[in-house]
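Read the structure below first, then the notes.
There are 4 protein chains.
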Amino acid sequence: MSTRRLEAFSDGVIAVAITLLVLNIDLPDLGPGETLGHGLADQWPVYAAYVVSFVTIGIIWINHHVMIGRLRETDHAILMLNLVLLLTIGLIPFATSLLAAYLNRGTGAHVAAGVYAGVFLVMAIAFVTLNRHILFRKTHLMKVELTAAHRRRILARDAIGVLPYVLATALAAVSAYLTLAIMAGLAAYYAFPAAAGVGIGD
Amino acid sequence: MSTRRLEAFSDGVIAVAITLLVLNIDLPDLGPGETLGHGLADQWPVYAAYVVSFVTIGIIWINHHVMIGRLRETDHAILMLNLVLLLTIGLIPFATSLLAAYLNRGTGAHVAAGVYAGVFLVMAIAFVTLNRHILFRKTHLMKVELTAAHRRRILARDAIGVLPYVLATALAAVSAYLTLAIMAGLAAYYAFPAAAGVGIGD
Amino acid sequence: MSTRRLEAFSDGVIAVAITLLVLNIDLPDLGPGETLGHGLADQWPVYAAYVVSFVTIGIIWINHHVMIGRLRETDHAILMLNLVLLLTIGLIPFATSLLAAYLNRGTGAHVAAGVYAGVFLVMAIAFVTLNRHILFRKTHLMKVELTAAHRRRILARDAIGVLPYVLATALAAVSAYLTLAIMAGLAAYYAFPAAAGVGIGD
Amino acid sequence: MSTRRLEAFSDGVIAVAITLLVLNIDLPDLGPGETLGHGLADQWPVYAAYVVSFVTIGIIWINHHVMIGRLRETDHAILMLNLVLLLTIGLIPFATSLLAAYLNRGTGAHVAAGVYAGVFLVMAIAFVTLNRHILFRKTHLMKVELTAAHRRRILARDAIGVLPYVLATALAAVSAYLTLAIMAGLAAYYAFPAAAGVGIGD
Numbered sequence: 000m001s002t003r004r005l006e007a008f009s010d011g012v013i014a015v016a017i018t019l020l021v022l023n024i025d026l027p028d029l030g031p032g033e034t035l036g037h038g039l040a041d042q043w044p045v046y047a048a049y050v051v052s053f054v055t056i057g058i059i060w061i062n063h064h065v066m067i068g069r070l071r072e073t074d075h076a077i078l079m080l081n082l083v084l085l086l087t088i089g090l091i092p093f094a095t096s097l098l099a100a101y102l103n104r105g106t107g108a109h110v111a112a113g114v115y116a117g118v119f120l121v122m123a124i125a126f127v128t129l130n131r132h133i134l135f136r137k138t139h140l141m142k143v144e145l146t147a148a149h150r151r152r153i154l155a156r157d158a159i160g161v162l163p164y165v166l167a168t169a170l171a172a173v174s175a176y177l178t179l180a181i182m183a184g185l186a187a188y189y190a191f192p193a194a195a196g197v198g199i200g201d
Numbered sequence: 000m001s002t003r004r005l006e007a008f009s010d011g012v013i014a015v016a017i018t019l020l021v022l023n024i025d026l027p028d029l030g031p032g033e034t035l036g037h038g039l040a041d042q043w044p045v046y047a048a049y050v051v052s053f054v055t056i057g058i059i060w061i062n063h064h065v066m067i068g069r070l071r072e073t074d075h076a077i078l079m080l081n082l083v084l085l086l087t088i089g090l091i092p093f094a095t096s097l098l099a100a101y102l103n104r105g106t107g108a109h110v111a112a113g114v115y116a117g118v119f120l121v122m123a124i125a126f127v128t129l130n131r132h133i134l135f136r137k138t139h140l141m142k143v144e145l146t147a148a149h150r151r152r153i154l155a156r157d158a159i160g161v162l163p164y165v166l167a168t169a170l171a172a173v174s175a176y177l178t179l180a181i182m183a184g185l186a187a188y189y190a191f192p193a194a195a196g197v198g199i200g201d
Numbered sequence: 000m001s002t003r004r005l006e007a008f009s010d011g012v013i014a015v016a017i018t019l020l021v022l023n024i025d026l027p028d029l030g031p032g033e034t035l036g037h038g039l040a041d042q043w044p045v046y047a048a049y050v051v052s053f054v055t056i057g058i059i060w061i062n063h064h065v066m067i068g069r070l071r072e073t074d075h076a077i078l079m080l081n082l083v084l085l086l087t088i089g090l091i092p093f094a095t096s097l098l099a100a101y102l103n104r105g106t107g108a109h110v111a112a113g114v115y116a117g118v119f120l121v122m123a124i125a126f127v128t129l130n131r132h133i134l135f136r137k138t139h140l141m142k143v144e145l146t147a148a149h150r151r152r153i154l155a156r157d158a159i160g161v162l163p164y165v166l167a168t169a170l171a172a173v174s175a176y177l178t179l180a181i182m183a184g185l186a187a188y189y190a191f192p193a194a195a196g197v198g199i200g201d
Numbered sequence: 000m001s002t003r004r005l006e007a008f009s010d011g012v013i014a015v016a017i018t019l020l021v022l023n024i025d026l027p028d029l030g031p032g033e034t035l036g037h038g039l040a041d042q043w044p045v046y047a048a049y050v051v052s053f054v055t056i057g058i059i060w061i062n063h064h065v066m067i068g069r070l071r072e073t074d075h076a077i078l079m080l081n082l083v084l085l086l087t088i089g090l091i092p093f094a095t096s097l098l099a100a101y102l103n104r105g106t107g108a109h110v111a112a113g114v115y116a117g118v119f120l121v122m123a124i125a126f127v128t129l130n131r132h133i134l135f136r137k138t139h140l141m142k143v144e145l146t147a148a149h150r151r152r153i154l155a156r157d158a159i160g161v162l163p164y165v166l167a168t169a170l171a172a173v174s175a176y177l178t179l180a181i182m183a184g185l186a187a188y189y190a191f192p193a194a195a196g197v198g199i200g201d
């Protein structure tokens, strides 16, 4: 099977998932006497979670493109591992709404942040699993032959790219704000050109 | 008409349907004194239904790709039968939310599970109908000429692939959990490489 | 501008609109003592409206493909008229939910049915306007040169295709069920091969 | 990286965002004794906001096509600036629902209109930033070599195209209706052929 329709389907799922994030931004529920401006400002965690999730999904999309771009064609195992990856990406809008709803509450914030970072962690593991499968089990389906050293280097970068998500998930027990800050820093790091060629999928 | 835009449209509908599944995962309604962690754990049927529906739609997509990939071009009848298939796929997010909402309730679980598996059953029948139409009525539109024996073998596999959905629908009368287990087992079966080349659409 | 990206964007909007229809199918609100089976059966207008709207949007998509397929390239006016057409298609999920909610109620059913058929009528007019513009103002952008007689014949068919929507809108004043029946009959008519090559966009 | 998948992904996000606008059109909440017709007429700001946002997003899409169409290939910086642009487009459904909900209310209308036009303003700035980056920093990635004068002229048009959004945002403090009227006038202006070749992205 050619990679064209795999890319089209993955692009579709990722594009829908990234755009559904906006459905988490509801009109503010105004308390008695509260102005709209105040109500909008009050729900800042919603916007912060939107931006972090949007940029992170966008970076996943770029990395996905690089990963699949190495393939000449696909097979059943690649399609299924890609499906698992898409399944985890599909969960991000839910995880985002959970974090946005609980970040500011006294109770539940730690759990919500743990689930939020945890979904990204599972996504990163699904990504590395697929990339590892392509690089080491499906070399015959790749466009260009890479040396074993090169392939190990790519996978090592991938593995290092998973660590911040482990950290963000673990530190949710300390502070939900800390988790969000790590995720935001990570998105910013990948967004800058200097980081191009570093991290998951590269 | 070329198959390119048919594939693009079908990919779009399937990608949206699979991604809309996440909208069924709401924030948990916490009872008094209930923790978020407990509330999240309590709604496990929502996650189970998400995973089963996501993987099953993903497998439909793969099979759809194989089926349409045999065609050189399409005609009005193929477009309409494909539309009916998409109509049934479009119902899956609703069926999924129904099962997720009622699986754990004493009353209604059987009906919900029957509707859930029933929607997949109707989808499978629409799939077989389209594939049968292509294989036996539109051989002149196919890329490669298949022997009658080969075409009968494909259709026989399709027909066998429908049976588990009949079973899952019928056994909803016994237990909703049993229906979900059959659907989950079916998704897992198709997901493994050993099953590649077996089942609906192949 | 090439027609490729116009088709991709239109396919995307139509695919999302057709798949959003399922969001109109909510879990039934069960009255005290009402079973789930009864509640599901009770909301049959929701399913009827889903099927009619889904098939009709699918047929619009086929006709859109035929219309744009005649073009070698597009220009600003075609893009804008196409945007207006997409705007009307985008309204169909709302019109569908309105009809589904009010079909069975004593009051409001006529208005809801009028709005429902009216949205399709406006869509049909937007379609004919675009097709007329292409056939008579943008002949230099078409792939194949059609005779004036042929172009008039296409447009005449288009105009005739608008009439049932006028009828369905007008008869909403008599009965909302009648409107739905006309829309259902129209969808069924176009769905059958005999009607291929007849109606809007052909 | 080729521009093909960038276009496919951007088309997907924009197509989903434009189609999600319809989710802002809810069934009217009828007061006691209020007819459906009256309730539907009463929520005219919802329709006005739908039309203005739909047409404006459509025009963004056309301009995006022109902008990316100048590129032979893309790089990391272009992908990231494009992602920021998509992030702002993704916010439009929220901004639209905010304006629609508050336009007719005594209090909050100014803030809602300011946020509405402000989101479009930020979107326009993201657009100009990306176009400026392409025209002046990535000339080596462009298909056709443009003279410096030509590139400056394109950017000057872009900058002028931002001004109406500044105006619409500022005048929200005077009247929310005025903001909507400016946005509507702007959409109408770009929609007419005479304005082709003028404005952002051109």
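Top line first, the protein sequences correspond to chains A, B, C and D. Residue numbering for the first sequence follows numbering that gives the first Met the number 0, starting at 0 and increasing by one per position. Residue numbering for the second sequence follows numbering that gives the first Met the number 0, starting at 0 and increasing by one per position. Residue numbering for the third sequence follows numbering that gives the first Met the number 0, starting at 0 and increasing by one per position. Residue numbering for the fourth sequence follows numbering that gives the first Met the number 0, starting at 0 and increasing by one per position. Glycine residues also receive a C-beta, built at the ideal position from the N, C-alpha and C atoms. Predicted model only: the values in this text are computed from it and were never measured.
Residue span of the alpha helix (DSSP H) that contains residue i, given as start and end
{"i": "Val21/A", "result": "Val21/A -> no alpha helix (DSSP H), and no H or E assigned at all."}
{"i": "Leu85/B", "result": "75–89"}
{"i": "Asn130/B", "result": "108–136"}
{"i": "Arg151/C", "result": "147–169"}
{"i": "Asp41/D", "result": "35–41"}
Contact under 8 angstroms by Cβ, residue i with residue j
{"i": "Thr168/B", "j": "Gly113/B", "result": "yes"}
{"i": "Leu78/A", "j": "His132/A", "result": "no"}
{"i": "Ala125/C", "j": "Thr87/C", "result": "yes"}
{"i": "Ile67/A", "j": "Leu5/A", "result": "yes"}
{"i": "Ala175/A", "j": "Ala111/A", "result": "yes"}
{"i": "Asp157/B", "j": "Val127/B", "result": "yes"}
{"i": "Asn130/B", "j": "Leu154/B", "result": "yes"}
{"i": "Leu19/A", "j": "Val21/B", "result": "yes"}
{"i": "Asn103/C", "j": "Pro44/C", "result": "yes"}
{"i": "Tyr46/A", "j": "Thr95/A", "result": "no"}
Selection from the options that minimises the alpha carbon distance to residue i
{"i": "Val54/A", "options": "Met66/D, Gly30/D, Leu84/D, Ala40/D", "result": "Leu84/D"}
{"i": "Ala99/A", "options": "Tyr115/A, Thr87/A, Ile88/A, Leu86/A", "result": "Tyr115/A"}
{"i": "Arg69/B", "options": "Phe135/B, Leu120/B, Gly32/B, Gln42/B", "result": "Phe135/B"}
{"i": "Pro163/A", "options": "Thr138/A, Thr128/A, Val121/A", "result": "Val121/A"}
{"i": "Ile13/C", "options": "Ala108/C, Leu90/C, Gly36/C, His149/C", "result": "Leu90/C"}
{"i": "Ile181/C", "options": "Asn23/C, Lys137/C, Val51/C, Met141/C", "result": "Val51/C"}
{"i": "Ala108/A", "options": "Leu20/B, Thr34/B, Val21/B", "result": "Thr34/B"}
{"i": "Val173/A", "options": "Val15/A, Thr106/A, Ser9/A", "result": "Thr106/A"}
{"i": "Leu29/D", "options": "Leu39/D, Val21/D, Asn23/D, Phe93/D", "result": "Leu39/D"}
{"i": "Arg71/D", "options": "Tyr101/D, Trp43/D, Arg3/D", "result": "Arg3/D"}
{"i": "Gly160/C", "options": "Gln42/C, Trp43/C, Ala148/C, Ala186/C", "result": "Ala186/C"}
{"i": "Ala76/C", "options": "Trp43/C, Lys137/C, His149/C", "result": "Lys137/C"}
{"i": "Phe93/D", "options": "Leu82/A, Asn23/A, Ala47/A, Phe8/A", "result": "Asn23/A"}
{"i": "Leu82/B", "options": "Val165/B, Ser1/B, Leu170/B, Ser9/B", "result": "Ser9/B"}
{"i": "Gly11/D", "options": "His37/D, Ala147/D, Trp60/D", "result": "Trp60/D"}
{"i": "Met0/A", "options": "Val165/A, Phe191/A, Ala148/A, Leu140/A", "result": "Leu140/A"}
Simplified DSSP state of residue i, which is helix, strand or coil
{"i": "Glu6/D", "result": "helix"}
{"i": "Ser174/D", "result": "coil"}
{"i": "Ala194/D", "result": "Below a pLDDT of 50, predicted positions are generally treated as unreliable, and Ala194/D, at 47, falls in that range; no measurement from the model is reported."}
{"i": "Met141/C", "result": "strand"}
{"i": "Leu70/D", "result": "strand"}
{"i": "Ile199/C", "result": "Reliability fails at Ile199/C, whose pLDDT of 44 lies under 50, so the model's placement of it is uncertain and no value is given."}
Residues near residue i by beta carbon distance below 6 angstroms, same chain, minus five either side
{"i": "Ile58/C", "result": "Tyr189"}
{"i": "Gly184/D", "result": "none"}
Sequence-distant residues of its chain with Cβ nearer than 7 angstroms to residue i (five each side left out)
{"i": "Ile17/B", "result": "Phe53, Ile56, Gly57"}
{"i": "Leu166/B", "result": "Ile181"}
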